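Taken in sequence, the protein lines are chains A and B. Taking the numbering used here, the leading residue of the first sequence gets 17, the next gets one more, and so forth. Taking the numbering used here, the leading residue of the second sequence gets 1014, the next gets one more, and so forth. A virtual CB, placed ideally from N, CA and C, is assigned to each residue, including glycine. These figures come from a predicted structure and were not determined experimentally. All remarks here apply to the structure that follows.
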Amino acid sequence: MKPIQFPLFLIPLLPLLGAAISLIFGRRMRRQSVHLVAVGAVVSACVVALIAVFGHLFGDVSLWSLRGEWLQSGATGAPRLVDTAYTWIASGGLQIRAGFLLDPLSAVMVLVVTFVGSLIHIYSCGYMASDKDYARYFGYLNLFTGSMLILVLGDNLVLTFVGWEGVGLCSYLLIGFWYEKDANASAGKKAFIVNRVGDFGFILGMLLLWATVGTLDYADLASGSPFAALLDKKWHFFYQGIDMLSGQKMYLITLQPVHLIGLSLFVGAMGKSAQIPLYVWLPDAMAGPTPVSALIHAATMVTAGVYMVARLNFIYILSPTVMLVVASFGALTALFAATIAFAQNDIKKVLAYSTVSQLGFMFTAVGVGAFGAGIFHLLTHAFFKACLFMCAGAVIHALHEEQDIREMGGLRKLLPVTHWTFLISCVAIAGLPFFSGFFSKDMIILGTAVNTFSKTDPGVLMLTPSVVKIWTYCLYGVLTLASIGTAFYMFRLYALTFLGENRTDKKVIQTLHTPSNSMRWPLIILAGGATMLGVLGLPPVLAGKGGLFFFVGTLLAAGFLLWVAFGFANQVAPHAEGEEAEPTLWIVQVPLTVIAAGLVFLGAWSRWPLLLGKSIPADYINTWLAQSIPGQAGITVKAGFAHQLNVPPYITVSHSWEWLFMSIATVGAILGVGSALLIYRRGPSQAIGSLVASMGWLYRLIYDKFRIDELYACLILRPITWLAWFLRKAIDEFLVDKVLVTGVSYVVYGLGWLGTQLQTGRARQYLAAVLVGLGVMIFLVVRPTSTMTVKVQGASVYVRAGKLSDKVIGVSHGKLRTKVGVDCNGDGKITPDERAATPTAWVRCNFHEPGKKKIRMIVDDSRFGTRSETTRIVTISKERR
Amino acid sequence: MILTAVVLLPLLAAILTLLLPREEKALIRNFGVAASALIFLVSLVLLWKFNTKSPDMQLGIQLAWVKTLGISFHMGVDGISLFLVLLTTFLTPVAILGAGGAVTKRHKEFVAAMLVLETGMLGAFVAMDMVLFYVFWELMLVPMYLLIGIWGGERRVYAAIKFVLYTMVGSVLMLVAIIFMYLRFHELTGVYTFDLLEWKRMILTPAEQFFCFGTFALAFMIKVPVFPLHTWLPDAHVEAPTPGSVILAGVLLKLGTYGLLRFAMPLFPYASTKLAPYIAILGIVGIIYGALLAYAQKDAKKLIAYSSISHLGFVVLGLMSLSIQGTEGAIFVMIAHGITSGGLFLGFGMLYERRHTRLMSEYGGLWKVVPKFSALYLVIMLGSVGLPGLCGFVGEFLVLVGSYDHHAAAVIQGVPVTLPHPKLMTAAAALGVIFSAVYLLVMFQKVFFGPVKHKINLSLRDVTSRELGAIVPLVVMTIALGIFPSPLLRRMEPAVKQHLAEYQVKYKASIDVKKARRAKVLSRKALRGLASKLRTIKPADRQKLRPRRRGKAAAAKASKGKWMKKTFPSRRLGNLPGRGARRRGLKGSAGRRGLGRGRRRAPIIRPRGRRHGMPQPMRGGR
């Protein structure tokens, strides 16, 4: 089946146009029109994306309907909408199209980017209401959205790289948006440069891929034809000996192109998605405006690395060892960042480290082959983390740019909407049951625990299957620890911010900036998403017929939402006479009630399949993504939920395993939440102080973020700076410029000076010099020659003095006094016929028999009274006839 | 005709400028801008008339200049030089317009110098005759020397003399090689000519190639400049007035790399193949060294100057990689670097005009004061960083692809392997990607971000409309070339492919010559095998090859528009030894020995009717 054309270029183009308008004309536009352009651009991109995915509802062909046909016809590859705008770079065999591709995987990403992006744009209208540079801000934000959409929709790696760098640029610009503080600008610069280090890996990966398989198109790559080339070569390192059984040579490390490609590209992903060791830029990136942190550094850009790995799943799947590396880095990052988050006091820094940690979860997922789980977590994370950041933004905004959680507390009553949405998202990220984070994290953990991938690995390293098995169990343990940590630090944050007594300056509280409508509504919608999205990835045990728990869960969630709605309503009343126009009750209550009703409906839907003839499918997200991710190791569950797709290898687990992992996760989450609430419910206290004091240096170390920044400064930054200065001072300015260049000029100058010393102006000296020179010249010209020229012709040898080109020997008047003789027969005498008529005449020697003959030439010069002799051996080959 | 017009119009405009009244400064300046802008428009006709599919020299002209010496006024453009010509005509009005307060005296002479400089650069890009090229090459030096020496900064005399001496050292040596080749060509064919297309068919022995390539490459590598020969550049840039820097960085440096591509490599493929690894390594060293030094500068103009060294390292690497992508990428980097570094110098010149300091520490927080300017400068800076979607990326990416995949390309296209470890070398070059971001972002932060540290900076004026007129075209081109590079690449491709094919053929022929030399004796069999090479024609035979006087009728017939024939009657095919020569009664060793027997014509001579082409026969490649 052919992919269908659809004007996909509109999706990135609309935000880019919006950016162009805002950036070029923004300074002359009113605030409202800038808002209109910016929000309009993203919303319209969202609409186009929705039409591309769900257009069949209006009778069009869309990705959805295409997918249906695709499944029925059993076609290979992914169902996709394509669009080639033009050929971007064409050089020799390298053809890079500006082509776009919408398949189930990119559809998820596009919807996340445009939907969450739209909400954040709307939120920004309120958040940046008092900033003068609004046009620049919205221009950058639109530019970011456009670049991100290029990244997601690009149908080849290079175009993805365009978006990749584009979002990096926007990140740089937006982190340094308030450029007047040097720290902000430096943070932006740091982000860009660290990302560039990753991009170095990305570029190398692309080059290697191009050199290996000769294409960078996703469709061509996924077609499977290049796979052989990827595994074609082998480079061995560290010879170990000969295997006794197979007789083959064994090496500690065996590399194939695919390993290098996978690792290089993962370095790129490390940079963009803030994994160890390149995560250092993300916490600093919080210097930007908070909506930016929400959009770029939580929901979209930082997940690009995960997307890229999932996009190239068919390459990663060829090298399970590289995937193990990916998973290990991910798990390590998840735990490491969670640890740092324990001790942070800046509300945004906590969230930043939390993001790093969650990205670690996603990388673990894609690393163990559960690509769908990674993307699912990406999706839910986009919602709850964006919501968390925006809540944090609302708090910061309300408290006049206060970010220290030690100065907060008790905001529950002052900012109820923010409080409730924050709480919902906290619950979601902590992984409490039935919220989206629970399901996505559960899917990752299940995938990690039962992953069997690496057990069939041919191996970069000589890892035995049992080692790999233990390794993956370790990964599972690390992830579980990290998720307990997540629950703890998130509720620590929640408790310190919203619970207990208020610790803020009273003046600030009196002039509290309550969030405007444009800030509230995105929060509520995102919180709704954070609650609901778990539906997309229900574990089989909870789905379908076994959906009782989901039913209960949705009912609980609905109740929660209603609680939010009423809490909100209560909050509105005392603030009714505030200076800002408050929304009336129904604006809040009606939508939330509707959503709650929807939840109830969904629960019912899942519970009574017979009633509606359908049920909630298990693992819907994986089914949806399956065609884009042929490499996915699907997990089947024994108790009879048949997947529509038969993509091996399946890993079979039973419901009891599902139960087990889910219960462990739940217990862990409750443990984390409970202990955090227990410790911090009243804000920072003496008890905590003494606890911290007892930890001593460990706490300091965590508080200082393990001093990684200082380490990098010491190991990388300073040496390079020193090297640069050394090169400048010692090599460039001294060695090259002073010694070599100026040195040469001094040599020339010195020679010139010597020359001037000869120009004394004394006639006698000049005359002497002329005479000496003349004498030397005369001697050189007229001195007797001792060179001889020999020509052999047959049995005769012709001999003359001097070179062939010499017309005369010596100057003409010396001609007569120079006598040349050739001793042919070797008797030592010169007979008259052996004497040359003129100094340059030929003398002929005749020989009668072949063999080696010695010829001696004697030149007498009566002018100088000298005689010079030259001898040469000549071989005569012919006999005289 | 149009090409001649483009090259000579600036000269005409320069003469007209000198006729203008000295007091009318604005008039002189406006005239300069208008004239050069007009020339740019005229040069766009080249783009229009250019045949995209053809690899040959086009829109050319060939007139006898000094007949007795075989010097001709031969010019032409192909896909390689076309965009360099356009870059020159594009940057000149920008530079004159952007001069602003950088030029405070002798306005008339300034505009005239710029226009003469333009002629020099254009001529050097399109000259197909070595003497003509050399004339233009040296012609450029004079106005540039004056620009630095008269309108420059404090150490302008030092910088100007350094610039001229440096360049002269290289170019005088090159002249020696040119004369050598001229004589050698005559020795081999009996024809006196400086025509590049003729010379391209001559194959020198390895030793001769090393000598000639050495001098050519030295001249060009000084101009580029390649690593240890670079110290004139920072000084020249720092002292040059803004328009001088723009032209110097934008166009002049490209003449070095253009020379390598146009002259040094095709004429001496054997030597260039053998020396390519070292030159490529120098290029890579330049990439990293230039970047690190740029990072260590406090003076913004020096920083940009060192960034040029870094960027041109990519060009050198691309050229030496001998792959389609590498070569096209190198040409693209030349264009892109012309625009971005021209823009960087132009923009910083605007700041310099306002504050009269080049130290970055004297600035800071300028975005707040001059937001429009900062935004424009940002785009150009990012173009220079090599951000995808802007012009810097395309070229660098192609160069990396070309050099990375060098071995495969060598196999496919049959070109010799020039890079010993292409993957490692490319990885080292790709480090430049990181560094370019470091030094430029550091510069941008120091100048535009942070608080306003010096009160005087608070009163800086944002861009004037004149300055906008100068810098906006550069910004537009930075973006446009990044998004639509293929119009350029498409036009380059035939010429680049031809360059590589020719290179490959000539390289193999050089190897044959080398083998023959090594065997000491040019046996008859070897001679016949080498019939396609000029080497086969012995000096002793050259008497026989002298052109015979032809009848008036024949001359009249030949003069019908055939410039080549009129200039070089000896190019008639029958003049070479062979069967035909013998039949016509040519006696002597050539006829008797049967030199080139079995071949009707020696391949030095291209078939009739083809004005421009490559040596026959061609092997493989295309």
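is_contact[residue i, chain B] using C-beta, thresh 8 Å
{"i": "residue 205(A)", "result": "yes"}
{"i": "residue 181(A)", "result": "yes"}
{"i": "residue 100(A)", "result": "no"}
{"i": "residue 213(A)", "result": "yes"}
{"i": "residue 872(A)", "result": "no"}
{"i": "residue 80(A)", "result": "no"}
{"i": "residue 24(A)", "result": "no"}
{"i": "residue 713(A)", "result": "no"}
{"i": "residue 331(A)", "result": "no"}
Chain A contact for residue i (CB, 8 Å cutoff)
{"i": "residue 1244(B)", "result": "yes"}
{"i": "residue 1378(B)", "result": "yes"}
{"i": "residue 1418(B)", "result": "yes"}
{"i": "residue 1367(B)", "result": "no"}
{"i": "residue 1068(B)", "result": "no"}
{"i": "residue 1602(B)", "result": "For residue 1602(B), the predicted structure reports a pLDDT of 40, less than 50, and the residue's modelled location is therefore unreliable. The matter cannot be settled from this model."}
{"i": "residue 1429(B)", "result": "no"}
{"i": "residue 1393(B)", "result": "no"}
Own chain partners of residue i with C-beta closer than 7 Å, once the 5 adjacent residues on each side are dropped
{"i": "residue 698(A)", "result": "516"}
{"i": "residue 1140(B)", "result": "1088, 1146, 1149"}
{"i": "residue 243(A)", "result": "334"}
{"i": "residue 1047(B)", "result": "none"}
{"i": "residue 1380(B)", "result": "1387, 1461, 1462"}
Own chain residues within Cβ distance below 6 Å of residue i, not counting five before or after
{"i": "residue 229(A)", "result": "242, 245"}
{"i": "residue 217(A)", "result": "280, 283, 284"}
{"i": "residue 276(A)", "result": "224"}
{"i": "residue 1339(B)", "result": "1331, 1412, 1415, 1416"}
Cutoff 8 Å; reference residue i; Cβ partners in own chain excluding five residues on either side
{"i": "residue 1506(B)", "result": "1092, 1337, 1341"}
As an exercise, report each continuous beta strand (DSSP E) stretch of at least 3 residues that is fully enclosed by the segment 665–736 of chain A, in chain order.
Runs of the beta strand (DSSP E) inside the segment 665–736 of chain A: 667–669.
Is it a yes or a no for the segment 147–162 of chain A touching the segment 185–194 of chain A, going by three-plus beta-carbon pairs under 8 Å?
At 8 Å Cβ cutoff, the stretches touch.
In chain order, which alpha helix (DSSP H) runs of at least 4 residues are fully inside the segment 1369–1437 of chain B?
Secondary structure in the segment 1369–1437 of chain B: the alpha helix (DSSP H) runs of 4 residues or longer, each lying completely within the stretch, are 1379–1382, 1384–1398, 1404–1417, 1419–1426 in chain order.
Pair every Cβ in the segment 120–132 of chain A with every Cβ in the segment 249–268 of chain A, then say whether three or more of these pairs are closer than 8 Å.
Cβ pair count under 8 Å is below three, so no.
Check whether the segment 1369–1389 of chain B and the segment 1458–1466 of chain B touch, using three or more Cβ-Cβ pairs below 8 Å as the test.
Taking a cut-off of 8 Å on C-beta distances, the segment 1369–1389 of chain B touches the segment 1458–1466 of chain B, as three or more cross pairs fall below it.
Within the chosen definition, does the segment 301–319 of chain A reach the segment 209–223 of chain A through at least 3 CB pairs nearer than 8 Å?
The segment 301–319 of chain A, when compared against the segment 209–223 of chain A, does not touch it at the 8 Å Cβ threshold.
Which residue spans inside the segment 137–182 of chain A form an unbroken alpha helix (DSSP H) run of at least 4?
Within the segment 137–182 of chain A, the runs of alpha helix (DSSP H) that reach at least 4 residues and sit entirely inside it are, in chain order, 150–169.
Contact between the segment 170–185 of chain A and the segment 79–93 of chain A: three or more CB pairs below 8 Å?
A contact between stretches requires three or more CB pairs, one per stretch, nearer than 8 Å, and the segment 170–185 of chain A fails this requirement with the segment 79–93 of chain A.
Using a Cβ-Cβ cut-off of less than 8 Å, list which residues of the segment 1303–1315 of chain B approach chain A; keep chain order.
Taking 8 Å as the Cβ-Cβ cut-off, the segment 1303–1315 of chain B approaches chain A at 1305, 1306, 1308, 1309, 1310, given in chain order.
Any beta strand (DSSP E) of 3 or more consecutive residues that is wholly inside the segment 1124–1172 of chain B:
If we require 3 residues or more, the segment 1124–1172 of chain B turns out to have no beta strand (DSSP E) run fully inside it.
Interfacial residues, the segment 1457–1489 of chain B to chain A, with Cβ spacing under 9 Å:
Residues 1457, 1458, 1461, 1462, 1463, 1464, 1465.
Are the segment 1351–1371 of chain B and the segment 1480–1496 of chain B touching by the rule of at least three beta carbon pairs closer than 8 Å?
With a cut-off of 8 Å on Cβ pairs, the segment 1351–1371 of chain B is in contact with the segment 1480–1496 of chain B, counting three or more such pairs.
Counting only Cβ-Cβ distances shorter than 8 Å, please list the residues of the segment 1330–1353 of chain B near chain A, keeping chain order.
Under the 8 Å Cβ criterion, the segment 1330–1353 of chain B contributes 1336, 1337, 1338, 1341, 1342.
Measuring CB atoms only, is the segment 43–61 of chain A touching the segment 79–88 of chain A, in the sense that at least three cross pairs come out at less than 8 Å?
The answer is no - the segment 79–88 of chain A does not touch the segment 43–61 of chain A, with fewer than three Cβ pairs under 8 Å.
Three-pair Cβ contact test at 8 Å for the segment 1014–1031 of chain B versus the segment 1124–1136 of chain B
They touch, by the three-pair rule.
Do three or more CB pairs link the segment 292–301 of chain A to the segment 202–209 of chain A at distances below 8 Å?
Below 8 Å, enough C-beta pairs join the segment 292–301 of chain A and the segment 202–209 of chain A to call them touching: three or more.
Can you check the segment 196–249 of chain A for any beta strand (DSSP E) of at least 3 residues that lies completely inside it and give the ranges in chain order?
Annotation: the segment 196–249 of chain A contains no complete segment of the beta strand (DSSP E) (minimum length 3 residues).
Would the segment 400–419 of chain A and the segment 345–354 of chain A be scored as touching if the rule is three or more Cβ pairs under 8 Å?
With a cut-off of 8 Å, the segment 345–354 of chain A and the segment 400–419 of chain A do not count as touching, because too few Cβ pairs lie within range.
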